[in-house]
Amino acid sequence: MSTIVEILVNGLASGAVYALIALGFVVIFKATEVINFAHTSLLLAGGYLVAVLHDDIGFAGAVLAGVAATAVLATLVELVVLRRVRTGGHATLSIVTIGVDIVLTVELTRRIGTEVLPLGDPWGDRVVRIGDVTIAQTRIAAFAVAVAVIAAFLLAFRFTSWGVAMRAAAENRRTAALMGVRLGRVSAGAWAVAGALAALAALFMCVFPTPGLDRTTSLAALKALPAAVLGGIDSTTGALVGGVLIGITEAAVVGYQNDVALFGGGFAEIAPYLLMTVVLLARPAGLFGTREPARV
Amino acid sequence: MRVRHGPGAAALSVSGLTVDYGPVRALREVSLEVPEGGFVAVLGGNGAGKSTLLRAVSGVLGFHGGTVRAGDITAGGRSLRGLRPDQIVAAGVVQVPEGREVFARMTVGENLRAGALGVRRDRRRTAATRARVLELFPVLAERDRQKAGLLSGGEQQMLAIGRALMAEPRLLLLDEPSLGLAPIMVERIAETIAAINRQGTAVLLIEQNAALALELAAHAYVLEVGRVALSGPSTELAASEEIRRRYLGSAGADDDEPADVPERTLTRWAG
Numbered sequence: 001m002s003t004i005v006e007i008l009v010n011g012l013a014s015g016a017v018y019a020l021i022a023l024g025f026v027v028i029f030k031a032t033e034v035i036n037f038a039h040t041s042l043l044l045a046g047g048y049l050v051a052v053l054h055d056d057i058g059f060a061g062a063v064l065a066g067v068a069a070t071a072v073l074a075t076l077v078e079l080v081v082l083r084r085v086r087t088g089g090h091a092t093l094s095i096v097t098i099g100v101d102i103v104l105t106v107e108l109t110r111r112i113g114t115e116v117l118p119l120g121d122p123w124g125d126r127v128v129r130i131g132d133v134t135i136a137q138t139r140i141a142a143f144a145v146a147v148a149v150i151a152a153f154l155l156a157f158r159f160t161s162w163g164v165a166m167r168a169a170a171e172n173r174r175t176a177a178l179m180g181v182r183l184g185r186v187s188a189g190a191w192a193v194a195g196a197l198a199a200l201a202a203l204f205m206c207v208f209p210t211p212g213l214d215r216t217t218s219l220a221a222l223k224a225l226p227a228a229v230l231g232g233i234d235s236t237t238g239a240l241v242g243g244v245l246i247g248i249t250e251a252a253v254v255g256y257q258n259d260v261a262l263f264g265g266g267f268a269e270i271a272p273y274l275l276m277t278v279v280l281l282a283r284p285a286g287l288f289g290t291r292e293p294a295r296v
Numbered sequence: 001m002r003v004r005h006g007p008g009a010a011a012l013s014v015s016g017l018t019v020d021y022g023p024v025r026a027l028r029e030v031s032l033e034v035p036e037g038g039f040v041a042v043l044g045g046n047g048a049g050k051s052t053l054l055r056a057v058s059g060v061l062g063f064h065g066g067t068v069r070a071g072d073i074t075a076g077g078r079s080l081r082g083l084r085p086d087q088i089v090a091a092g093v094v095q096v097p098e099g100r101e102v103f104a105r106m107t108v109g110e111n112l113r114a115g116a117l118g119v120r121r122d123r124r125r126t127a128a129t130r131a132r133v134l135e136l137f138p139v140l141a142e143r144d145r146q147k148a149g150l151l152s153g154g155e156q157q158m159l160a161i162g163r164a165l166m167a168e169p170r171l172l173l174l175d176e177p178s179l180g181l182a183p184i185m186v187e188r189i190a191e192t193i194a195a196i197n198r199q200g201t202a203v204l205l206i207e208q209n210a211a212l213a214l215e216l217a218a219h220a221y222v223l224e225v226g227r228v229a230l231s232g233p234s235t236e237l238a239a240s241e242e243i244r245r246r247y248l249g250s251a252g253a254d255d256d257e258p259a260d261v262p263e264r265t266l267t268r269w270a271g
């Protein structure tokens, strides 16, 4: 019984972090119809900044600086690289982000090397015991922060002018432009928000039980892409549900790995992609995705 | 007559406008003018370049792969050519696109809010504008929290017009507002457009429904294959044999085949 509760709690916590990352994919897709393959390397950059800064300016300062700097970096990618590519096709732009991803990853990997960098978080490996259920404090922090940030994001998306502009642009870019929405600003804003969310997610991906930030952190974060896709790449609700589904699936596979030994030791690595494939077979647009309405 | 042609005072002045879509020329040296507070219609069949004209004015040709090759577009004496769509909205020129294009997944209220995104106004003024729009279209107030995609065609057209009015335009561009609507709804939309014009907003109306357009507008232009073929006061155009045969479908005319009419006679009013 305690196992299943622990699996659910851990799955929910890491699912909330995946949801943060998946939300970044969705926001950028909604604003620009681009799938940002550089998202996880931006996340790596955010985590790296927290790792190198926390000794000097403290943990909280490092997190703030890392989040802000990653938002700026993401905006720069949009302004300097994507906006200059005038080929028009969204698919082309998505491929350009693969190039950006390679450049960022190579540079960060060079800097990180083979080290595992601690992020200097205040929770360490402390745990909370409720009955016979053991939960790491980092998981609780991850869940609480992710829920608060996601709630703030959704409220802004629903009620602020920024949110209205984003949704208008997502629905019909040309009509949004006709209403005076500044599409350039919308997409730059989307990249900034996605970058900030990614940096925050990086923090929680690199704390206990993970030993710290290393060069494979971005690979672990990439599991949020199946989360975004299976939820529906243009749906914020989908990102949240997808994130939690991936988190719980992963936790379950790890928790019951002896029972799924049939699939081999690394099954947890591929389970998210398997889940995505199954969902897409049943629902090609994802759980909450909207099918493109046919224009006549 | 409502037309007040005065130099420099025009709500919109298009001169020598030439537009290409790649190798295809869509507009050839089109010139027209909408006086301040005036009501002008542009008639023409499919592919005459009517929508292209509005796209050029609103600065959204780029979305369709079009470019302005020559000519100028000014609103209130200020050149719009080369401005971004949001700058054109800020200059007071707002378009109601063809096919309504309301934001279907957003509520009616949010659609109206989206219409005000292009102009910087304080809350109180936006609220006042919204109240005026809802007064014009009371049904939108009833449907405030409904998804716009669930509205009927006529209601969507009202929302599309209301959304554009939220930007308090000096010139309203309407692209085929009667398209696909029931006759009774066409009548209501027409009355509303006339009312908007009476309140001081200049209107440039694109229509295939020539009878409706000539009834509403003081002045009209006829576009044919990208050129201005005819222009003049609506009453004169409505009385002309040419227009009656080609666009008003008077008895005996073959209105499916306008090309049957000799091209030559049309140029009498050209220029």
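If you read the protein sequences in the order shown, they are chains H and B.
Residue numbers for the first sequence, in my numbering: 1 to 296.
Residue numbers for the second sequence, in my numbering: 1 to 271.
No residue lacks a Cβ here, since even glycine has one placed at the ideal position from N, Cα and C.
Keep in mind it's a predicted model, so treat the numbers as computed, not measured.
**Prompt:** When the cut-off is 8 Å and only beta carbons count, does S235 of chain H lie next to chain B?
**Reply:** With respect to chain B, the C-beta atom of S235 of chain H has no partner C-beta closer than 8 Å.
**Asked** Of all Cβ atoms in chain B, is any one closer than 8 Å to the Cβ of T175 of chain H?
**Response** Closer than 8 Å to some Cβ of chain B, the Cβ of T175 of chain H qualifies, so yes.
**Euclidean distance between Cα positions of S58 of chain B and L216 of chain B** = L216 of chain B has its alpha-carbon roughly 22 Å from the corresponding atom of S58 of chain B.
**Asked** Does the beta carbon of Q95 of chain B sit closer than 8 Å to a beta carbon anywhere in chain H?
**Response** Using beta-carbon distances, Q95 of chain B counts as an interface residue toward chain H, with a partner under 8 Å.
**Distance CB(A268 of chain H)-CB(V253 of chain H) smaller than 8 Å** = Taking the C-beta atoms as reference points, V253 of chain H is found nearer than 8 Å to A268 of chain H.
**Cβ-based contacts, 7 Å cut-off: residues of the stretch 112-137 of chain B near chain H** = Those residues of the stretch 112-137 of chain B that come within reach of chain H (Cβ to Cβ, closer than 7 Å) are R113, A114, G115, L117, G118 and V119.
**Request:** With a 10 Å radius around its C-beta and 16 neighbouring C-beta atoms as the bar for buried, classify A282 of chain H as buried or exposed.
**Result:** That one is exposed.
**Request:** Can you give me the start and stop residues for the alpha helix (DSSP H) that F267 of chain H sits inside?
**Result:** Start and end: F267 to A282.
**Request:** Using a Cβ-Cβ cut-off of less than 8 Å, give me the residues of the stretch 96-110 of chain B that come near chain H, in sequence order.
**Result:** Cβ contacts with chain H come from P97, E101, F103, A104, R105, M106 and E110.
**Prompt:** Within 8 Å (strictly less), CB to CB, does M179 of chain H reach chain B?
**Reply:** Under the Cβ criterion of 8 Å, M179 of chain H is counted among the residues facing chain B.
**Item:** Neighbouring residues, chain B, relative to V297 of chain H (Cβ below 7 Å)
**Value:** A question about residue 297 of chain H goes unanswered here, because the residues of chain H that appear run from 1 up to 296.
**Asked** Would G153 of chain B pass as a contact of G180 of chain B if the rule is Cβ separation under 8 Å?
**Response** Taking 8 Å as the Cβ cut-off, G153 of chain B and G180 of chain B qualify as a contacting pair.
**Item:** Spatial distance of L313 of chain H from G46 of chain H (CA atoms)
**Value:** The first residue shown for chain H is 1 and the last is 296, placing residue 313 of chain H beyond what the model contains.
**Prompt:** When DSSP labels each residue in this structure, what does L171 of chain B get in the three-state scheme?
**Reply:** In the three-state reduction of the DSSP assignment, L171 of chain B falls in the strand class.
**Request:** State buried or exposed for S14 of chain H, treating a residue as buried only when at least 16 other CB atoms are found within 10 Å of its CB.
**Result:** So S14 of chain H ends up on the buried side.
**Prompt:** Beta-carbon of E171 of chain H versus every beta-carbon of chain B: anything under 8 Å?
**Reply:** Closer than 8 Å: yes.
**Item:** N-terminal and C-terminal residue of the beta strand (DSSP E) that F39 of chain B is part of
**Value:** Judged by DSSP secondary structure, F39 of chain B falls within the beta strand (DSSP E) whose first and last residues are F39 to L43.
**CA-to-CA distance, V96 of chain B to V34 of chain H, given in whole angstroms** = Taking the straight line joining both Cα atoms gives about 28 Å.
**Message:** Starting from D56 of chain H, trace the alpha helix (DSSP H) in both directions and tell me its first and last residue.
**Reply:** Per DSSP, the unbroken alpha helix (DSSP H) holding D56 of chain H starts and ends at H39 to L76.
**Item:** Boundaries (first-last residue) of the alpha helix (DSSP H) holding Q156 of chain B
**Value:** Residues G153 to L165.
**Request:** Report all residues from its chain with a CB closer than 8 Å to the CB of L205 of chain B; omit the five preceding and five following residues, and keep chain order.
**Result:** If we look at L205 of chain B and ignore the five residues flanking it on each side, its Cβ neighbours are F39, V40, A41, V42, L174, P177, I193, A213, L216 and A217.
**Request:** Determine the chain B residues that contact R182 of chain H at a beta-carbon separation under 8 Å, and present them in chain order.
**Result:** For R182 of chain H, the residues of chain B that pass the 8 Å Cβ criterion are R84 and D86, in the order they occur in the chain.
**Request:** Could you check if F25 of chain H is buried or exposed, using at least 16 other CB atoms within 10 Å of its CB as the buried criterion?
**Result:** Within 10 angstroms of the beta-carbon of F25 of chain H lie 16 or more other beta-carbons, which makes it buried.
**Item:** Short Cβ contact (8 Å threshold) for A74 of chain H with G195 of chain H
**Value:** The answer is yes: Cβ separation under 8 Å.
**Pairwise C-alpha distance: A169 of chain H and R100 of chain B** = A direct Cα-Cα distance of roughly 16 Å separates R100 of chain B from A169 of chain H.
**Asked** Which residues in chain B sit within 8 Å of S218 of chain H, going by Cβ to Cβ distance?
**Response** For S218 of chain H, there are no C-beta contacts with chain B under 8 Å, since the nearest C-beta of that chain is about 33 Å from it.
**Prompt:** Could you check where the beta strand (DSSP E) with S218 of chain H kicks off and where it finishes?
**Reply:** First-last for S218 of chain H: T217 to A221, but that is the alpha helix (DSSP H), not the beta strand (DSSP E).
**Prompt:** Thinking just about the alpha-carbon of each residue, which of H:R84, H:G286 and H:G189 is nearest to the one in T70 of chain H?
**Reply:** Taking only the C-alpha atoms, the option nearest T70 of chain H is H:G189.
**Request:** Give a yes or no on whether 8 Å exceeds the smallest Cβ distance from R310 of chain H to chain B.
**Result:** The structure shown does not extend to residue 310 of chain H, since chain H spans only 1 to 296, so no value can be given for it.
**Message:** Just verifying my parser: in three-state terms, what is the DSSP assignment at Y256 of chain H?
**Reply:** When DSSP states are grouped into helix, strand and coil, Y256 of chain H belongs to the coil group.
**Prompt:** Any idea which residues DSSP pairs A135 of chain H with across the strands?
**Reply:** Per the sequence presented here, residue 135 of chain H reads as Ile, with Ala not at that position. Answer is H:V128, bridged to I135 of chain H.
**Request:** Say whether chain B places a C-beta atom closer than 8 Å to the C-beta of R83 of chain H.
**Result:** Chain B, which has no Cβ nearer than 8 Å to the Cβ of R83 of chain H, makes this no.
**R264 of chain B, DSSP secondary structure in three states** = Note that R264 of chain B scores a pLDDT of 46, beneath 50, so its modelled location is shaky; the value from the coordinates is reported in the next line. Correct three-state label for R264 of chain B: helix.
**Message:** Whole angstroms are fine: how far does the CA of A164 of chain B sit from the CA of Q157 of chain B?
**Reply:** In a straight line, the C-alpha of Q157 of chain B is about 11 Å away from that of A164 of chain B.
**Limits of the beta strand (DSSP E) - the one that Y221 of chain B falls within** = In this chain, the beta strand (DSSP E) harbouring Y221 of chain B covers H219 to E224.
**Prompt:** Which two residues bound the contiguous beta strand (DSSP E) that contains Y247 of chain B?
**Reply:** Where Y247 of chain B is concerned, there is no enclosing beta strand (DSSP E), given that its DSSP letter is neither H nor E.
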